[in-house]
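Student: Dropping the structure in here first, questions after.
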Amino acid sequence: MGNSVSSGGRNHHEEMVDFGCLTPQGVYTGPKDWNHAIVTQLICERRLAPFYRPLEDYEDTWDEDQILAARKDLPEPENGHSESSSTLRHESSHSSGSKPVHGRRPNMTKDGIRCPEAAVYRGAVECPICFLYYPPNINYSRCCDQAICTECFVQIKRAEPTTTHLISEPAACPYCVQDNFGVVYKSPPWRVGIGSDGTTLPQWPDPGSLNAVDTLRLTHKRRQKSFGYDSPEVVTTDQIRPDWETKLAAVRAAVTRRANRRIIMRQVGDRLIPVGVTSGRVHAISPEEAGQGEGNDNGGSRRSRRQRNQNQDLNQFLGSMGLGGQDLEELMVMEAMRLSLVEHEEQQRREAANRDQNTSNNPDAAPVSGDAAVSPALPLSGTQSISMPEPESGSRTPTPSGPTPAPSAFIQPSTATAQGGPSSALGIEGTVTSNRSLTPVTSSRRRTPSPSNPHLADNLQPPNQSRSWRRRSSSPRPFSTIAAAMSATSTVTAILQGDETSSRRDNPGGTSGSTTTPRATGSSMPAASSSPSTVSSSSPSISSIPSSNSLDAAVKLERPAMSIQTDSYASSIFSTGSTGQRPASPYDVLGSSPDSEFSREPLLGNAELDTPTIPEAGLPEVIPSRTGEAAVE
Amino acid sequence: MASISSRRLQKELKEIKTEGCPVGITLLEAENFDKWLFSIEVMGESQYQGEAYTLMFRFPPMYPIESPAVQFVVDQTHQSPVHPHVYSNGHICASILGTDWSPVLSVVSVCVTLQSMLASCKKKERPPDNDQYVSRAPDNPKKTRFHYDDDTV
Numbered sequence: 001m002g003n004s005v006s007s008g009g010r011n012h013h014e015e016m017v018d019f020g021c022l023t024p025q026g027v028y029t030g031p032k033d034w035n036h037a038i039v040t041q042l043i044c045e046r047r048l049a050p051f052y053r054p055l056e057d058y059e060d061t062w063d064e065d066q067i068l069a070a071r072k073d074l075p076e077p078e079n080g081h082s083e084s085s086s087t088l089r090h091e092s093s094h095s096s097g098s099k100p101v102h103g104r105r106p107n108m109t110k111d112g113i114r115c116p117e118a119a120v121y122r123g124a125v126e127c128p129i130c131f132l133y134y135p136p137n138i139n140y141s142r143c144c145d146q147a148i149c150t151e152c153f154v155q156i157k158r159a160e161p162t163t164t165h166l167i168s169e170p171a172a173c174p175y176c177v178q179d180n181f182g183v184v185y186k187s188p189p190w191r192v193g194i195g196s197d198g199t200t201l202p203q204w205p206d207p208g209s210l211n212a213v214d215t216l217r218l219t220h221k222r223r224q225k226s227f228g229y230d231s232p233e234v235v236t237t238d239q240i241r242p243d244w245e246t247k248l249a250a251v252r253a254a255v256t257r258r259a260n261r262r263i264i265m266r267q268v269g270d271r272l273i274p275v276g277v278t279s280g281r282v283h284a285i286s287p288e289e290a291g292q293g294e295g296n297d298n299g300g301s302r303r304s305r306r307q308r309n310q311n312q313d314l315n316q317f318l319g320s321m322g323l324g325g326q327d328l329e330e331l332m333v334m335e336a337m338r339l340s341l342v343e344h345e346e347q348q349r350r351e352a353a354n355r356d357q358n359t360s361n362n363p364d365a366a367p368v369s370g371d372a373a374v375s376p377a378l379p380l381s382g383t384q385s386i387s388m389p390e391p392e393s394g395s396r397t398p399t400p401s402g403p404t405p406a407p408s409a410f411i412q413p414s415t416a417t418a419q420g421g422p423s424s425a426l427g428i429e430g431t432v433t434s435n436r437s438l439t440p441v442t443s444s445r446r447r448t449p450s451p452s453n454p455h456l457a458d459n460l461q462p463p464n465q466s467r468s469w470r471r472r473s474s475s476p477r478p479f480s481t482i483a484a485a486m487s488a489t490s491t492v493t494a495i496l497q498g499d500e501t502s503s504r505r506d507n508p509g510g511t512s513g514s515t516t517t518p519r520a521t522g523s524s525m526p527a528a529s530s531s532p533s534t535v536s537s538s539s540p541s542i543s544s545i546p547s548s549n550s551l552d553a554a555v556k557l558e559r560p561a562m563s564i565q566t567d568s569y570a571s572s573i574f575s576t577g578s579t580g581q582r583p584a585s586p587y588d589v590l591g592s593s594p595d596s597e598f599s600r601e602p603l604l605g606n607a608e609l610d611t612p613t614i615p616e617a618g619l620p621e622v623i624p625s626r627t628g629e630a631a632v633e
Numbered sequence: 001m002a003s004i005s006s007r008r009l010q011k012e013l014k015e016i017k018t019e020g021c022p023v024g025i026t027l028l029e030a031e032n033f034d035k036w037l038f039s040i041e042v043m044g045e046s047q048y049q050g051e052a053y054t055l056m057f058r059f060p061p062m063y064p065i066e067s068p069a070v071q072f073v074v075d076q077t078h079q080s081p082v083h084p085h086v087y088s089n090g091h092i093c094a095s096i097l098g099t100d101w102s103p104v105l106s107v108v109s110v111c112v113t114l115q116s117m118l119a120s121c122k123k124k125e126r127p128p129d130n131d132q133y134v135s136r137a138p139d140n141p142k143k144t145r146f147h148y149d150d151d152t153v
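Chains as they are written, first to last, in UniProt numbering: chain C, 1 to 633; chain P, 1 to 153.
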């Protein structure tokens with residue numbers, strides 16, 4: 001989808017059909033949000049009237065000069081076709097070679113020789129909506145046989161769904177209010193330009209003859225019956241905007257996501273700390289990020305770029321409804337939580353330090369103190385001390401040092417849960433860090449071809465240093481508090497689905513061969529592995545994700561992981577979508593027709609995946625979005 | 001080039017000036033293509049006999065694809081008619097101004113519709129939720145999503 005047609009300025013003028021154009025002539029200045037490719041095709045197939053330059057006024061008595069003079073000035077020089085349009089029409093007529101169509105100037109000087117592009121306006125019809133005049137071969141409403149120009153027709157669409165109005169009904173006929181507005185078009189008996197085979201000659205009526213006008217008029221006889229909206233000759237408003245379903249689904253999902261937003265609390269001792277909100281919103285991609293994305297792609301796959309544009313469209317759409325991006329309210333909540341957590345950690349650190357001094361030999365104290373040291377290594381606290389993860393990684397989670405840390409973390413939810421006493425809440429983060437610290441070791445399998453110690457560098461980096469979100473695995477994230485909490489929550493749900501994940505674990509590389517794709521998941525998995533107990537033992541009414549979502553969450557966890565094989569997250573996601581890896585995922589992305597790439601593209605699930613987030617951060621988004629999609633399904 | 005809205009309004013205005021408005025409807029002001037004012041009076045016997053109200057049209061750039069914002073003028077000298085579908089701030093609950101708008105409708109046809117809405121009124125009263133609505137109503141009635149519950153008036 002997109003504006004490929006209108007942007008093709010160079011040979012734009014050769015794209016003419018029966019002296020009309022394939023692109024609108026500027027009657028409307030609003031967004032051109034219909035599918036241009038489809039409209040173009042319909043015009044070429046003579047199923048929709050071409051975009052003729054309208055006449056401001058029309059009288060049957062006018063001569064050709066008057067007709068041509070009444071043609072509306074084109075407003076937009078953006079495609080450069082405004083001032084030169086009429087001459088170019090001649091060129092195109094010539095180049096189409098259907099007939100020696102004469103240029104206007106010589107014609108106009110001779111009496112009796114007609115200019116075809118003026119002649120098409122003989123018997124012009126006024127469009128009842130824009131009040132402009134068009135050649136008599138104009139679209140007629142399928143239901144009540146009223147004229148409507150193509151400019152107006154492409155403007156008519158379903159009402160945009162809103163957060164308060166979550167249904168979308170087909171556009172009604174503006175004339176008779178019948179549902180499923182559609183038009184039929186009867187092309188003239190001759191063909192010029194695209195689709196002409198060069199044999200049919202325009203049969204022009206005698207100039208100025210009233211009979212001629214009548215003949216043309218008679219080409220549209222009043223229809224006795226109306227066409228059904230599914231008749232093959234009818235073009236409906238939905239046909240030229242096939243994305244209406246996507247938009248509706250997006251709005252519904254966004255609303256559901258909002259409704260399902262949960263505050264995630266973590267229990268630490270006897271305290272509950274809010275650590276995040278579940279959020280599944282689509283990130284608005286800033287131009288900068290988009291630009292970086294291009295770079296990461298090696299200027300590569302057109303599809304991923306297309307996908308991104310699509311997402312931008314969608315984001316714009318959602319943004320225009322106050323649903324897009326991150327809304328302020330949410331950001332404020334998250335920031336408050338982050339501060340709260342930082343403060344809490346500070347306190348913990350102090351306590352731990354005290355305890356350390358008191359009971360340096362007590363084994364229980366080890367993780368805590370380790371945590372205190374470790375937690376700053378997380379971007380969320382992103383401050384002073386340097387992480388010392390190795391001791392914990394040895395003691396707490398023996399598995400991460402193995403070749404497949406992620407699955408093993410997966411395998412042992414119960415162990416982890418047992419380990420993770422309420423007091424070890426911060427130990428979660430210690431585990432995270434330890435795992436992250438392993439990155440260099442297993443870097444061959446990591447998607448980030450990172451420098452030897454990215455974490456150190458990251459921690460030294462100012463948090464607002466805008467590195468690409470795409471590389472967030474090694475860069476501090478603005479709201480990593482959320483991410484950390486989220487990954488914890490996601491894992492809770494993942495663990496709830498222990499059966500499934502463990503069965504999956506049996507052939508971790510089954511779909512992806514040698515690339516151990518689950519790695520990325522691994523980095524977040526252990527983080528969460530000790531958290532289930534804390535999260536779930538804390539007040540469930542606040543924190544627990546609805547169990548119906550857990551499958552989705554658990555499943556979705558796998559998806560980003562599987563795709564992390566290339567540097568470009570977006571493109572790799574896309575390859576996930578298009579390769580045989582997908583079937584490994586037990587569900588499909590809202591696939592109305594999963595086999596069709598096209599149908600899948602605009603859907604929200606992919607849209608979110610394509611946003612340049614790393615899996616850890618992607619996880620939290622995943623949860624509610626699935627919820628949304630579930631609601632849609 | 002002018003936008004579709006001014007282009008069309010230009011033609012509507014021309015028609016109003018050449019053919020005149022229907023009885024009881026008078027064009028008060030149309031100095032630009034953003035806002036027009038009409039006077040509306042219900043002819044014949046009705047609850048509103050002898051009363052004239054001022055109707056304000058505001059046109060979005062996408063008129064007539066989008067509906068105009070139509071309301072009665074309420075200020076020191078103007079009141080809105082007391083009618084079950086007209087709020088005291090001048091906002092009107094009429095489906096043709098919202099979901100049932102059609103680009104085929106015109107300024108004059110809206111005037112006529114509202115005129116007949118007044119004419120068919122049996123009892124002068126405000127909408128039941130008048131106070132509640134007026135207290136938080138947006139400036140532009142188009143921002144309100146009315147619930148059209150009465151087909152009879």
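Where a beta carbon is used, it is the ideal one built from N, C-alpha and C, also for glycine.
7 Å is my cut-off, CB to CB: does tyrosine 175 of chain C come that close to chain P?
Tutor: In the first sequence, counting from the first residue as 1, residue 175 of chain C sits at position 175. Yes, because at least one Cβ of chain P sits closer than 7 Å to the Cβ of tyrosine 175 of chain C.
Student: For valine 86 of chain P, collect the residues of the same chain with a Cβ closer than 6 Å to its Cβ; drop the 5 residues on either side in sequence, then sort them by chain order.
Tutor: On the second sequence, residue 86 of chain P is found 86 positions in, with the first residue counted as 1. Ser80 and Ile92.
Student: Where DSSP assigns a beta bridge to glutamate 29 of chain P, which residues make up the other side?
Tutor: Here residue 29 of chain P is taken as the residue at index 29 of the second sequence, counted from 1. Note: glutamate 29 of chain P sits in a beta bridge opposite P:Leu37.
Student: Given this structure, state the Cα-to-Cα distance separating asparagine 137 of chain C from threonine 256 of chain C, to the nearest angstrom.
Tutor: Taking the first sequence and counting its residues from 1, one reaches residue 137 of chain C at position 137. Taking the first sequence and counting its residues from 1, one reaches residue 256 of chain C at position 256. When rounded, the distance between both Cα atoms is 46 Å.
Student: May I ask which residues mark the beginning and end of the beta strand (DSSP E) holding glutamine 49 of chain P?
Tutor: Start at 1 with the first residue of the second sequence, and residue 49 of chain P comes out as number 49. Element bounds for glutamine 49 of chain P: n/a, residue is neither H nor E.
Student: Identify whether phenylalanine 146 of chain P lies in helix, strand or coil by the three-state DSSP scheme.
Tutor: The sequence position of residue 146 of chain P within the second sequence is 146, counting from 1. Residue state, collapsed to three classes: coil.
Student: Taking the beta strand (DSSP E) that valine 70 of chain P falls in, what are its first and last residues?
Tutor: Looking up residue 70 of chain P in the second sequence gives position 70. Run containing valine 70 of chain P: 69-72, per the beta strand (DSSP E) assignment.
Student: So for asparagine 89 of chain P, helix, strand or coil by DSSP?
Tutor: Here residue 89 of chain P refers to the residue found at position 89 when the second sequence is read from its first residue. Coil at asparagine 89 of chain P, not helix or strand.
Student: Closer than 8 Å, Cβ to Cβ, to anything on chain C: give me those residues from the region 89-115 of chain P, in chain order.
Tutor: Taking 8 Å as the Cβ-Cβ cut-off against chain C, the residues of the region 89-115 of chain P that qualify are Thr99, Asp100, Ser102, Pro103 and Val104.
Student: Measure the C-alpha to C-alpha separation of leucine 55 of chain C and proline 116 of chain C and round it to an integer number of angstroms.
Tutor: Translated into the one-based positions of the first sequence, residue 55 of chain C becomes position 55. Translated into the one-based positions of the first sequence, residue 116 of chain C becomes position 116. Approximately 15 Å, taken between the alpha carbons.
Student: 7 Å is my cut-off, CB to CB: does residue 647 of chain C come that close to chain P?
Tutor: Beyond the ends of chain C as shown, which are 1 and 633, falls residue 647 of chain C; an answer cannot be given.
Student: The region 18-40 of chain P: which residues have C-beta closer than 8 Å to a C-beta of chain C, in chain order?
Tutor: Result list empty, no residue passes.
Student: Tell me, to the nearest whole angstrom, how far the beta carbon of asparagine 130 of chain P is from that of serine 88 of chain P; I am working on the premise that it is less than 8 Å.
Tutor: Here residue 130 of chain P corresponds to residue number 130 of the second sequence, with the count starting at 1. Here residue 88 of chain P corresponds to residue number 88 of the second sequence, with the count starting at 1. The pair is a contact, with the Cβ atoms about 6 Å apart (cut-off 8 Å).
Student: With 7 Å set as the bound, which would you pick, yes or no: does the beta-carbon of arginine 8 of chain P sit closer than that to a beta-carbon of chain C?
Tutor: The residue you call residue 8 of chain P lines up with position 8 of the second sequence. With 7 Å as the cut-off, arginine 8 of chain P counts as an interface residue toward chain C.
Student: Run through chain P and tell me which residues come within less than 7 Å of isoleucine 129 of chain C, C-beta to C-beta.
Tutor: Taking the first sequence and counting its residues from 1, the one referred to as residue 129 of chain C is at position 129. Per Cβ cutoff of 7 Å: Pro64, Pro103 and Val104.
Student: Can you name, in chain order, every residue of its own chain whose Cβ lies under 7 Å from the Cβ of alanine 172 of chain C, other than the five neighbours on each side?
Tutor: For the purposes of this step, residue 172 of chain C is taken as residue 172 along the first sequence, with counting starting at 1. The answer, listed in chain order, is Gln178, Asp179 and Phe181.
Student: I need the DSSP call for serine 116 of chain P, collapsed to helix, strand or coil.
Tutor: Looking up residue 116 of chain P in the second sequence gives position 116. Correct three-state label for serine 116 of chain P: helix.
Student: Across which residues does DSSP place serine 141 of chain C in a beta bridge pair?
Tutor: Along the first sequence, read from residue 1 onward, the residue named residue 141 of chain C stands at position 141. DSSP output for serine 141 of chain C lists C:Val183 as bridge partner(s).
Student: Who does tyrosine 53 of chain P pair with in a DSSP beta bridge?
Tutor: Taking the second sequence and counting its residues from 1, the one referred to as residue 53 of chain P is at position 53. Tyrosine 53 of chain P is bridged to P:Ile40.
Student: Mind checking whether the beta-carbon of leucine 166 of chain C lies closer than 6 Å to any heavy atom of the ligand ZN?
Tutor: Of the ligands one can find in the structure shown there are none, so the ligand ZN has no counterpart to examine.
Student: In this structure, does DSSP put valine 342 of chain C in helix, strand or coil?
Tutor: Taking the first sequence and counting its residues from 1, one reaches residue 342 of chain C at position 342. Of the three classes helix, strand and coil, the one that applies to valine 342 of chain C here is helix, per DSSP.
Student: Here's the rule I'm using: 16 or more other beta-carbon atoms within 10 Å means buried, otherwise exposed. How should proline 451 of chain C be labelled?
Tutor: Reading the first sequence from its first residue, position 451 is the one you call residue 451 of chain C. For proline 451 of chain C, the predicted structure reports a pLDDT of 42, less than 50, and the residue's modelled location is therefore unreliable. A value from the coordinates is still provided. Proline 451 of chain C is exposed by the Cβ-count criterion.
Student: How would you call methionine 337 of chain C, buried or exposed, if buried means at least 16 neighbouring beta carbons within 10 angstroms?
Tutor: Residue mapping note: residue 337 of chain C aligns to position 337 of the first sequence, counting from 1. Classification for methionine 337 of chain C: buried.
Student: Can you find a C-beta in chain C that's less than 7 Å from the C-beta of lysine 142 of chain P?
Tutor: As a first step, residue 142 of chain P must be located in the second sequence, where it is residue number 142. False, the Cβ-Cβ gap to chain C never drops below 7 Å.
Student: Under a three-way DSSP split, which group does glutamine 146 of chain C fall into?
Tutor: Translated into the one-based positions of the first sequence, residue 146 of chain C becomes position 146. If DSSP states are grouped into helix, strand and coil, glutamine 146 of chain C belongs with coil.
Student: Could you tell me the distance, in whole angstroms, from the CA atom of histidine 36 of chain C to the CA atom of isoleucine 240 of chain C?
Tutor: Working through the first sequence from its first residue, we reach residue 36 of chain C at position 36. Working through the first sequence from its first residue, we reach residue 240 of chain C at position 240. One C-alpha to the other measures close to 8 Å.
Student: Please determine, among P:Gly50, P:Arg7, P:Glu15 and P:Ser6, the residue with the shortest C-alpha to C-alpha distance to serine 109 of chain P.
Tutor: Numbered from its first residue, the second sequence carries residue 109 of chain P at position 109. Nearest option by C-alpha distance: P:Glu15.
Student: Exposed or buried, which one is glutamate 151 of chain C when buried takes at least 16 other CB atoms within 10 Å?
Tutor: Mapped onto the first sequence, residue 151 of chain C falls at position 151. When all chains shown are included, glutamate 151 of chain C counts as buried.
Student: What does arginine 155 of chain C touch in chain P if you count any residue whose Cβ is under 7 Å from its own?
Tutor: In the first sequence, counting from the first residue as 1, residue 155 of chain C sits at position 155. In the sequence under discussion, the amino acid at residue 155 of chain C is glutamine, which differs from the arginine named in the question. Here the neighbours are Ile65.
Student: Whether or not the region 43-59 of chain C and the region 148-166 of chain C are in contact is what I'm after, with contact meaning three or more pairs of Cβ atoms, one per stretch, closer than 8 Å; do they touch?
Tutor: As far as the Cβ criterion goes, the region 148-166 of chain C touches the region 43-59 of chain C, which means the pair count is three or higher.
Student: Which residue's Cα is closest to the Cα of glutamine 155 of chain C: C:Pro174, C:Gly228, C:Glu169 and C:Cys144?
Tutor: Taking the first sequence and counting its residues from 1, one reaches residue 155 of chain C at position 155. It is C:Pro174 whose Cα lies nearest to the Cα of glutamine 155 of chain C.
Student: Identify which residue in P:Val104, P:Gly98, P:Val42 and P:Gly44 has its Cα closest to the Cα of proline 141 of chain P.
Tutor: For this step, residue 141 of chain P is matched to residue 141 along the second sequence. Comparing Cα-Cα distances from proline 141 of chain P to each of P:Val104, P:Gly98, P:Val42 and P:Gly44, the minimum goes to P:Gly98.
Student: Are valine 235 of chain C and phenylalanine 227 of chain C touching if we call contact CB-CB under 7 Å?
Tutor: As a first step, residue 235 of chain C must be located in the first sequence, where it is residue number 235. As a first step, residue 227 of chain C must be located in the first sequence, where it is residue number 227. No.
Student: Got a sec: which bits of the region 19-43 of chain C sit with their beta carbon under 9 Å from any beta carbon on chain P, in order along the chain?
Tutor: Cβ contacts with chain P: Gly26, Val27, Tyr28, Thr29 and Gly30.
Student: Taking glutamine 267 of chain C as part of the beta strand (DSSP E), name the residues at either end of that continuous run.
Tutor: Against the first sequence, residue 267 of chain C aligns to sequence position 267. From DSSP, the beta strand (DSSP E) with glutamine 267 of chain C extends over 263-268.
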